[in-house]
Amino acid sequence: MDIFVSRKVNDPDSIQLLINKTGRTIVPQRLFERPHPHFLRWHRDSCFKH
38 MDIFVSRKVN DPDSIQLLIN KTGRTIVPQR LFERPHPHFL RWHRDSCFKH
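The sequence shown begins at 38 in the working numbering and counts up one residue at a time.
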């Protein structure tokens with residue numbers, strides 16, 4: 038799962054320091070600890086509108 042950073046972020050350099058070098062999330066091994074796809078989809082659609 039890729040990590041998206043908003044183009045409107047105030048301090049992109051600081052944000053990049055927080056993201057691992059692969060640019061992908063490190064998800065929990067246990068499925069029940071992972072975010073539900075419905076909520077990920079909502080966040081992507083609502084927070085990253087083009």
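Backbone N, C-alpha and C fix where the C-beta goes; we use that ideal spot for every residue, glycine too.
Original post:
Are the beta-carbon atoms of S51 and F85 separated by less than 8 Å?
Top reply: Here S51 is not near F85, since their CB atoms are 8 Å or more apart.
Subject >> Run of the alpha helix (DSSP H) containing F76, from where it starts to where it stops >> reply: For F76, the enclosing alpha helix (DSSP H) begins and ends at 74-84.
Original post:
Taking the C-alpha atoms as reference points, what is the distance between F41 and F69?
Top reply: Straight-line Cα distance between these residues: approximately 23 Å.
Subject >> Where the alpha helix (DSSP H) containing P65 begins and where it ends >> reply: Looking at the DSSP string, P65 is not in any alpha helix (DSSP H), and its letter there is neither H nor E.
**OP:** Would you check whether the ligand MG has a heavy atom nearer than 7 Å to the C-beta of R71?
**Re:** The ligand MG is not part of the structure shown, which contains no ligands of any sort.
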